[in-house]
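Worksheet: the structure to be examined is printed underneath.
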Amino acid sequence: MIKIDIKEISIKKHTENILLLKNIKLNLTGNKIFTILGKNGTGKSTLIKSITKLLDNNIYEINAEVLWEEKDIYKIEYEELLKIRANYIKYIFQDAVNSFNHLKNFSYYFNKFCVDENEINDLLKYFILPNKEKLFKMYPYEVSGGMAQRISLVLALLTKPKLLILDEPTSGIDSAIANLMLLKLKEFIKEGENSVLLVTQDILFAQKISDEIALLNNSTLSEFYNTEDFFSKYESDLSLVCG
Amino acid sequence: MEKILSVNNLGYKVKEKTILEDISFDVNKGEIIGIAGESGSGKTTLAKLITGIISPSNGNIKFEAVNNNKNSVQLLFQNTGQILNPFRKIEDVIEEAIKLRKNLPDNLELEKERIFSSVNFQKKYWENIGCNLSGGQQQRAALARLLAVQPKLLILDEPFSAQDYESKNTLVELFKNIKNKFDITLMCISHDLNALRNLCERVVIMYKGKIVEIGNTKEILKNPSHHYTKYLIKAEKYDLDHSELMKRIN
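Chains A and B, in that order, give the protein sequences. Mapping to the numbering used here: the first sequence position 53 is 53, numbers consecutive. So the mapping is simple: the numbering used here equals the position in the second sequence, first residue as 1, plus 1000.
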């Protein structure tokens, strides 16, 4: 469905070029949850942002080819790229509260989709969010980070994307809420040809949710293994955590 | 076993809302005790009461083995930016804190080195100001600042949040070393049961402002008796189904 081939991403500096990622290749197919595990600062967020060309060209030097339905995201017209971002590939960022304009209340975001009211209410209820009447009047600065993340996920699900990309979905939230998200994402990939790509450092979460996992380390990404094989291959590196 | 702290029937209310109710437990000298529970269970409020930042609505806190030194209890806040002045050199901050002691060390330089090395804060960063440090470095510098005043009881509030798996294990070892090297008692507040399992001998499980279970960490986490502890363990492993989640959350 989406074929990603990142030859090199580096940060431009006045004096030197710092290589962040090299030779990253992923091929995401439908009905699966893919996870990239990696420590802080390994470039996980940079990698996922590069998929839909979200990195700033003034700071990053990118040599990549990302094929979405046979079209290269790095070569298509900007309008077409916007369409892909709006309809097919959706992100839930770690700092979700800053994904929103703080001067606009949530009705602005929900009204954009004009979807079935029942569907909105069902999703809000599922994620233990305030009901539509109450939430629509609220502003982003009135919700906690965890709530903003759930609202982002609800909004993303309402657009019925093909690929959902999540950055550190379990950081800063209770494990019960993370659990809720896990169940919903598993439901999501069963519909159509949907898939999920998430980056995390939460090994247990990765183990429970993923169909395939890869490790990002020293600027390079390992190949994707099915979850069981991944843990038998990298057990010694990760054993301290799984304890 | 010698007690350092005893908390008796502690309660805390904000207007009519009860935040903590009937909290009683002892802390033994030299142990590492964990406080676990979800967000909103009252863990940080308890830390603030013990450090005297806020006063209880009822009950009391008695320090058994601590003399009248006001620096005896120190709290490492979750947001370490609140401890460090972002515009002062770290070395100066630590030096100033050492000078707050009643008995000054013979060799100030050696004492600074001892403190910085115990928290793995490299010498090349000593001259940096707070805002030029990474989150992890800030946390270690803040910890050094607390150790510099020679506390007897050190409370750590969610020290593992935003740490990756390798850093969590490094921190667990660092806290154990600090406990032995500085002869202090540690209280660690965290919702991360796995980290508490590796760090603490005993654990207190809090739920909606009350203690629901207290005892040996490994035993409690292996054979929990309270339904909330069972739920926490299951949630930690992401093993809950939707109906279990809804039942608890509602």
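Even glycine gets a Cβ: it sits at the ideal position worked out from N, Cα and C. All values derive from a computational prediction rather than experimental measurement.
Legend entry - Simplified DSSP state of tyrosine 74 of chain A, which is helix, strand or coil: coil
Legend entry - Beta-carbon spacing of valine 1073 of chain B, leucine 1186 of chain B below 8 Å: In this structure, valine 1073 of chain B keeps its C-beta atom at 8 Å or more from the C-beta atom of leucine 1186 of chain B.
Inset, instruction - Closer than 7 Å by C-beta to serine 1057 of chain B: which residues in its own chain qualify, once you throw out the five before and the five after it? Chain order, please. - result: Gly1011, Tyr1012, Lys1013
Legend entry - C-alpha distance - proline 140 of chain A paired with phenylalanine 100 of chain A, whole-angstrom precision: 6 Å
Inset, instruction - For the alpha helix (DSSP H) holding serine 175 of chain A, just list the boundary residues, first then last. - result: 175–188
Legend entry - Pairwise C-alpha distance: isoleucine 62 of chain A and glycine 1256 of chain B: There is simply no residue 1256 of chain B to check, as chain B begins at 1001 and stops at 1250 in what is shown.
Legend entry - Test: histidine 1191 of chain B CB closer than 8 Å to a CB of chain A: yes
Inset, instruction - Confirm, please, whether the CB-CB distance from alanine 176 of chain A to leucine 1049 of chain B is below 8 Å. - result: no
Legend entry - Amino acids of chain B, ordered along the chain, whose beta-carbon sits closer than 8 Å to that of aspartate 174 of chain A: Glu1038, Ser1039, His1191, Ala1235
Inset, instruction - Kindly indicate if chain B contains any beta-carbon less than 8 Å away from that of leucine 197 of chain A. - result: no
Legend entry - Residues that isoleucine 203 of chain A contacts on chain B, provided the C-beta gap is smaller than 8 Å: Tyr1165
Inset, instruction - Evaluate the contact criterion for the segment 113–125 of chain A versus the segment 82–99 of chain A: three or more CB pairs, one atom per stretch, below 8 Å. - result: no
Legend entry - Whole-angstrom distance between aspartate 1106 of chain B and valine 1093 of chain B, CA atom to CA atom: 19 Å
Inset, instruction - Return the Cβ separation of isoleucine 48 of chain A and valine 199 of chain A in integer angstroms, given the expectation that the two are a contact with Cβ distance under 8 Å. - result: 6 Å
Inset, instruction - In the DSSP assignment, find the beta strand (DSSP E) that holds alanine 64 of chain A and state where it starts and stops. - result: First-last of the beta strand (DSSP E) with alanine 64 of chain A: 60–68.
Inset, instruction - Output yes if chain B places a C-beta closer than 8 Å to the C-beta of leucine 185 of chain A; else output no. - result: For leucine 185 of chain A, the answer is no, since every Cβ of chain B falls outside 8 Å of its Cβ.
Legend entry - Pairwise C-alpha distance: isoleucine 1053 of chain B and threonine 227 of chain A: If I take the Cα positions, the gap works out to 47 Å.
Inset, instruction - Consult DSSP for phenylalanine 1116 of chain B and reduce its assignment to one of helix, strand or coil. - result: helix
Legend entry - Any C-beta of chain B under 8 Å from that of alanine 178 of chain A: yes
Inset, instruction - Return helix, strand or coil for aspartate 1157 of chain B, following the three-state DSSP convention. - result: strand
Inset, instruction - Please list the residues of the segment 55–82 of chain A that have a C-beta atom closer than 7 Å to any C-beta atom in chain B, keeping them in chain order. - result: none
Legend entry - Inter-stretch contact at 8 Å, needing at least 3 Cβ pairs: the segment 151–170 of chain A / the segment 80–91 of chain A: yes
Legend entry - Nearest residue (CA-CA) to isoleucine 1098 of chain B, options B:Gln1150, B:Gln1138, B:Leu1005: B:Gln1150
Inset, instruction - Within the segment 1165–1194 of chain B, note down every full alpha helix (DSSP H) run reaching 4 residues or more, in order along the chain. - result: 1165–1182
Inset, instruction - Show which residues of chain A have a CB atom less than 9 Å away from the CB atom of serine 1161 of chain B. - result: In chain order: Ser171, Gly172.
Legend entry - arginine 1088 of chain B beta carbon less than 8 Å from that of glycine 1034 of chain B: no
Inset, instruction - Anything in chain A within Cβ reach of leucine 1245 of chain B, meaning under 9 Å, just list it in chain order. - result: Ile128, Ala176, Ile177, Asn179, Leu180, Leu183
Inset, instruction - Could you check which residue in A:Tyr108, A:Ile6, A:Asn40, A:Tyr126 has the C-alpha nearest to that of leucine 67 of chain A? - result: A:Ile6
Inset, instruction - Return helix, strand or coil for leucine 1147 of chain B, following the three-state DSSP convention. - result: helix
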